[in-house]
Amino acid sequence: DSGVTQTPKHLITATGQRVTLRCSPRSGDLSVYWYQQSLDQGLQFLIQYYNGEERAKGNILERFSAQQFPDLHSELNLSSLELGDSALYFCASSVVSQATDTQYFGPGTRLTVL
Amino acid sequence: GESVGLHLPTLSVQEGDNSIINCAYSNSASDYFIWYKQESGKGPQFIIDIRSNMDKRQGQRVTVLLNKTVKHLSLQIAATQPGDSAVYFCAENSRGTSYGKLTFGQGTILTVHP
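Sequence order for the protein chains is L and Y.
Our numbering numbers the first residue of the first sequence as 6 and each following residue consecutively.
Our numbering numbers the first residue of the second sequence as 89 and each following residue consecutively.
Structure (structure tokens):
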């Protein structure tokens, strides 16, 4: 158990809908990262927040957005869902925001778009 | 129709053998490398890391070797056990780029036969 929690574990929804994925980092960690894992793209970095502020951005679609709240939990919002958005979404956390910080991953949310 | 997806390299070993998993990276600016293990239905789990100023680092039953000349990274697992069966990912980061943005390799499937 990494100490990172994600809810829900599974999510099934329809195209065009909007969903929110939630992540609680390890106690004391200030950075939260979101990754997408799909069969054809592998593990891809989406976005990073550090102490409430966006710190780095990857290939995140404009339909996707995220935020980190004062209590440091984070939410990833996915809207106008398409079949291709079906994937595993992982959250990771680290102590601060240095490139050499170890990132600890949560168990993931499996999103299925029908 | 054809299946679409990443075709991961596979490695099959007998219990008790040593395993070597390889990874090539392309970014010569990368200076921090990590190996993760992902078991079915779980998030990536940190195994070991190495910075670019080192060639070798050892952990418990694992050794990571870094060859910056040919941009190659390897993970050696000693006395492989059935519990080591998983997908193994290398990841890289650079202090010159965006903070915690890890770039993951495609992964290698390790199967350990009892």
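Cβ coordinates follow ideal geometry from the N, Cα and C atoms, glycine included.
All figures in this text were calculated on a predicted structure; none of them were measured in a lab.
>> Determine whether the beta carbon atoms of Val150/Y and Ile138/Y lie at a separation below 7 Å.
In response: no
> Quick one, which of Asn115/Y, Thr157/Y, Thr191/Y, Pro170/Y has its alpha-carbon nearest Leu198/Y's?
Replying inline: Pro170/Y
>> The beta strand (DSSP E) that contains Gln146/Y, what's its start and end?
In response: 144-146
> Can you check whether the CB of Gln108/L is closer than 7 Å to the CB of Ala97/L?
Replying inline: yes
> Whose C-alpha, out of Thr117/L, Asp90/L, Ser7/L, Val118/L, is nearest the C-alpha of Asp69/L?
Replying inline: Contrary to the premise, residue 69/L reads as Phe rather than Asp in this sequence. It is Asp90/L.
> When burial is assigned at 16 or more other CB atoms within 10 Å of the CB, is Gln42/Y buried or exposed?
Replying inline: What is shown of chain Y runs 89 to 202, which leaves residue 42/Y out entirely.
> So what's Gly89/Y in DSSP terms, helix, strand or just coil?
Replying inline: Per-residue confidence for Gly89/Y stands at a pLDDT of 40, beneath the threshold of 50, marking its modelled position as unreliable; the derived number appears in the next sentence. Note: Gly89/Y maps to coil in three-state DSSP.
> Interface residues of chain Y around Gly113/L at Cβ under 7 Å?
Replying inline: Gly131
>> Quick check on Asp90/L: does DSSP put it in helix, strand or coil?
In response: helix
>> Quick check on Asp137/Y: does DSSP put it in helix, strand or coil?
In response: strand
>> Helix, strand or coil, according to DSSP, for Gly33/L in the structure here?
In response: coil
>> Quick check: is any heavy atom of the ligand SAM less than 6 Å from the C-beta of Ile122/Y?
In response: For the ligand SAM, the structure offers nothing, since it holds no ligand at all.
> Asn106/Y: buried (16+ other C-beta within 10 angstroms of its C-beta) or exposed?
Replying inline: exposed
> Touching or not, the segment 74-89 of chain L and the segment 23-42 of chain L, by the rule of three or more beta carbon pairs under 8 Å?
Replying inline: yes
> Does the beta-carbon of Leu119/L have 16 or more other beta-carbons within 10 angstroms, so that it is buried, or is it exposed?
Replying inline: exposed
> Hey, out of Asn110/Y, Tyr120/Y, Ser118/Y, whose CA is closest to Gln164/Y's CA?
Replying inline: Asn110/Y
>> Check this for me: beta carbons of Gly47/L and Gln194/Y, under 7 Å apart or not?
In response: yes
> So with Cβ pairs under 7 Å, would you call Phe134/Y a contact of chain L?
Replying inline: yes
>> According to DSSP, simplified to helix, strand and coil, what is Gly171/Y?
In response: helix
> Apart from the five residues on each side of it in sequence, which residues of its chain come closer than 6 Å, Cβ to Cβ, to His78/L?
Replying inline: Ser29
> Do you know whose CA, among Phe95/L, Arg115/L, Leu88/L, lies nearest Ala19/L's CA?
Replying inline: Leu88/L
>> Please tell me whether Gln53/L has its Cβ less than 7 Å away from any Cβ of chain Y.
In response: yes
> Quick one: is Gln22/L buried, meaning 16 or more other Cβ sit within 10 Å of its Cβ, or exposed?
Replying inline: exposed
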